[in-house]
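There are 2 protein chains.
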Amino acid sequence: MSSHVEENYLKAIYKLTERNKDGAYTNDIAYELNIKPATVTEAIKKLGEKGLIHYEKYKAVTLTELGKQIAIKTIRKHRLWEVFLVEKLGFKWDEIHPMAEELEHIGFEELTERLAQFLGNPEFDPHGDPIPDRDGNFAKTKSIKLTGVSLNGTAVMTGIENHTTSFLQHLDKIGIKLGISITVKEIVDFDKSMLISVNGEKEVYLSQEIASNILCK
Amino acid sequence: MSSHVEENYLKAIYKLTERNKDGAYTNDIAYELNIKPATVTEAIKKLGEKGLIHYEKYKAVTLTELGKQIAIKTIRKHRLWEVFLVEKLGFKWDEIHPMAEELEHIGFEELTERLAQFLGNPEFDPHGDPIPDRDGNFAKTKSIKLTGVSLNGTAVMTGIENHTTSFLQHLDKIGIKLGISITVKEIVDFDKSMLISVNGEKEVYLSQEIASNILCK
DNA sequence: TTTAATTTTTAGGTTTGCCTAAAAATATTT
DNA sequence: AAATATTTTTAGGCAAACCTAAAAATTAAA
Numbered sequence: 001m002s003s004h005v006e007e008n009y010l011k012a013i014y015k016l017t018e019r020n021k022d023g024a025y026t027n028d029i030a031y032e033l034n035i036k037p038a039t040v041t042e043a044i045k046k047l048g049e050k051g052l053i054h055y056e057k058y059k060a061v062t063l064t065e066l067g068k069q070i071a072i073k074t075i076r077k078h079r080l081w082e083v084f085l086v087e088k089l090g091f092k093w094d095e096i097h098p099m100a101e102e103l104e105h106i107g108f109e110e111l112t113e114r115l116a117q118f119l120g121n122p123e124f125d126p127h128g129d130p131i132p133d134r135d136g137n138f139a140k141t142k143s144i145k146l147t148g149v150s151l152n153g154t155a156v157m158t159g160i161e162n163h164t165t166s167f168l169q170h171l172d173k174i175g176i177k178l179g180i181s182i183t184v185k186e187i188v189d190f191d192k193s194m195l196i197s198v199n200g201e202k203e204v205y206l207s208q209e210i211a212s213n214i215l216c217k
Numbered sequence: 218m219s220s221h222v223e224e225n226y227l228k229a230i231y232k233l234t235e236r237n238k239d240g241a242y243t244n245d246i247a248y249e250l251n252i253k254p255a256t257v258t259e260a261i262k263k264l265g266e267k268g269l270i271h272y273e274k275y276k277a278v279t280l281t282e283l284g285k286q287i288a289i290k291t292i293r294k295h296r297l298w299e300v301f302l303v304e305k306l307g308f309k310w311d312e313i314h315p316m317a318e319e320l321e322h323i324g325f326e327e328l329t330e331r332l333a334q335f336l337g338n339p340e341f342d343p344h345g346d347p348i349p350d351r352d353g354n355f356a357k358t359k360s361i362k363l364t365g366v367s368l369n370g371t372a373v374m375t376g377i378e379n380h381t382t383s384f385l386q387h388l389d390k391i392g393i394k395l396g397i398s399i400t401v402k403e404i405v406d407f408d409k410s411m412l413i414s415v416n417g418e419k420e421v422y423l424s425q426e427i428a429s430n431i432l433c434k
């Protein structure tokens, strides 16, 4: 199995296991990777034999220590390249994912570490997601959803829970970006949408769906 | 055929056609790509059908305009990344080839162009090879081999004809790098090796083999 | 607790990009 | 121009990574 494909499976399993403690299900992995479940069954059997995941028929899979290391390294590479694309090449945060998705598979330890150094060993990527260090440790961040901020409370925007282009572009349009301060001016009783002010200026309504995908501290 | 594989074939054919005007032979392509001739036959048939090369059974192949464009774009990407690796990440010129060999296949036009801009639109890579511009035009360079410099003549080192690690490391050791000035102090009658002085200082003997792989102007 | 629905796996196929061995074509010698 | 050598192609195979359709196992519902 090519390391490119392998890394994608491990990354998907890592992501799903974050959400679902007992592991990643065949169907979910397939959905995540845009392939069919039958293909996933084949693949996870092999990953099991390679010692990268714990595989038992009909059960959710989990990563072994080795598999987890590889997944985290891939995430590290992905997020470092995202920083590069934004900080050095001037891309916007909604443009970088597909490029990072390819760059993350370039596998030279020395390249990754020099890139990190060149970027000033950043701890967060342009979406506010933590970048694991070379040993695989993530900076601890205890953020809350914007929906958890009480009326008249103020919070600093630190991240997002949804990474789709449309969501990112919408945040751009209303002026929400990392580090900005958000004050909750009103919570509409009817649908729990909220009126917020961005950096004490612009006021906009956010649906609960949007607010619940914005992370703050 | 994956663009990764396709680009490698086109690059190999481009390189071979540079050397051998009538085109690239099956055997040579196979040697260049470290695969077997039978595999090449299969591949070039497909590349022919795709309109990327001119293919006729038992004949050397040449690139079509389209095939040439893709080859040159790949070379552009390769050399830009090499500049990045040396100028920004501090790698040495003998370390970068394998990394650039992977980075070159990342195919986002916008990424390439922003990278080029970030690097200051360099015209030459760390080995002195010209970087084609976005339209595929190479800076014209009329360099000569160091073996063509006459006794007591001085020339500026501008490139190399051999890109092996061992050659690059040897040049490093004796202090030869791009831009350095070389004076021919002596040409040994017996084997045509030459005594040179590097930047008017250090004197070393170079075999004819080495001298013929050093380009100057 | 039996039936129904869902999920996972198996079985059998396809394409891609590689391989070896042998046949066919081309090129080189004698 | 024959014979020999070299090069290229054909033929048949293999593993990876995907697929569909059907069978088996598990989970949920009646």
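Sequence lines, in order, name chains A and B.
Residues in the first sequence are numbered from 1 upward in steps of one, following the numbering used here.
Residues in the second sequence are numbered from 218 upward in steps of one, following the numbering used here.
Built from N, CA and C at the ideal position, the CB exists for glycine as well.
If you're wondering where the values come from, they're calculated on a predicted model, not measured in any experiment.
State the CB to CB distance for the pair residue i and residue j, rounded to an integer number of angstroms; the pair is presumed to be in contact (CB under 8 Å).
i, j, result
"A:I29", "A:A12", "5 Å"
"A:G125", "A:E82", "Here residue 125 of chain A is Asp; the residue named in the question, Gly, does not match the sequence. With a Cβ gap of about 5 Å, A:D125 and A:E82 count as contacting."
"B:Y226", "B:A260", "6 Å"
"B:L297", "B:I377", "At roughly 19 Å, the Cβ-Cβ gap does not stay under 8 Å, so B:L297 and B:I377 are not in contact."
"B:K434", "B:I361", "7 Å"
"A:T112", "A:R76", "7 Å"
"A:V198", "A:G175", "5 Å"
"A:L146", "A:I214", "4 Å"
"B:K262", "B:Y272", "6 Å"
"B:T279", "B:G240", "4 Å"
"A:F84", "A:L115", "7 Å"
Which two residues bound the contiguous alpha helix (DSSP H) that contains residue i?
i, result
"A:M1", "From DSSP, A:M1 is part of no alpha helix (DSSP H); its letter is neither H nor E."
"B:T258", "254 to 266"
"A:Y31", "26 to 33"
"A:L66", "65 to 83"
"B:L328", "326 to 335"
"A:L168", "165 to 173"
What's the C-alpha gap between residue i and residue j?
i, j, result
"A:S207", "A:A155", "17 Å"
"A:F118", "B:V405", "47 Å"
"A:T41", "B:L269", "38 Å"
"B:A317", "B:K409", "35 Å"
"B:Y242", "B:K285", "16 Å"
"B:M183", "B:L250", "Nothing can be reported for residue 183 of chain B, as the shown portion of chain B is limited to 218 through 434."
"A:G90", "A:Y31", "32 Å"
"B:K420", "B:L412", "Here residue 420 of chain B turns out to be Glu, not Lys, going by the sequence shown. Approximately 7 Å between the Cα atoms of the pair."
"B:E223", "B:K290", "13 Å"
"B:E403", "B:Y422", "9 Å"
"B:E312", "A:S181", "45 Å"
"B:H295", "A:H97", "22 Å"
"B:T400", "B:K394", "14 Å"
"A:G200", "A:R19", "34 Å"
"B:V366", "B:K359", "14 Å"
"A:G128", "B:I427", "52 Å"
"A:H170", "A:H163", "11 Å"
"A:W220", "A:V86", "One cannot answer for residue 220 of chain A here, as it falls past the ends of chain A, which runs 1 to 217."
"A:S3", "A:I70", "10 Å"
"A:D133", "A:T17", "20 Å"
"B:E266", "B:N244", "20 Å"
"B:F435", "A:L103", "Residue 435 of chain B cannot be examined here, being either before or after the span of chain B that is shown, 218 to 434."
"B:T281", "B:S429", "32 Å"
Using a Cβ cut-off of 7 Å, pull out every chain B residue sitting near residue i, in sequence order please.
i, result
"A:F118", "K305, L306"
"A:M1", "By Cβ distance, chain B contributes nothing, its closest Cβ being about 16 Å from A:M1, past 7 Å."
Could you tell me which chain A residues have their CB closer than 9 Å to the CB of residue i, listed as they occur along the chain?
i, result
"B:M316", "I106, F108, E110, L111"
How would you write the range of the beta strand (DSSP E) that residue i sits in, first residue to last?
i, result
"B:E420", "420 to 423"
"B:S398", "398 to 404"
"A:T154", "154 to 160"
"A:L103", "Premise fails: A:L103 lies in the alpha helix (DSSP H), 97 to 103, not in any beta strand (DSSP E)."
"B:I413", "411 to 415"
"A:I214", "214 to 216"
Contact residues within the stretch 319 to 333 of chain B, judged by C-beta distance below 7 Å to chain A: Per Cβ criterion, the list reads E319, L320, I323, F325, L328, R331, L332.
Residues from the stretch 292 to 309 of chain B in contact with chain A, defined by Cβ distance under 9 Å: Answer set for the stretch 292 to 309 of chain B: L302, K305, L306, G307, F308.
Members of the stretch 404 to 421 of chain B near chain A, C-beta cut-off 8 Å: Within the stretch 404 to 421 of chain B, no residue places its CB atom closer than 8 Å to a CB of chain A.
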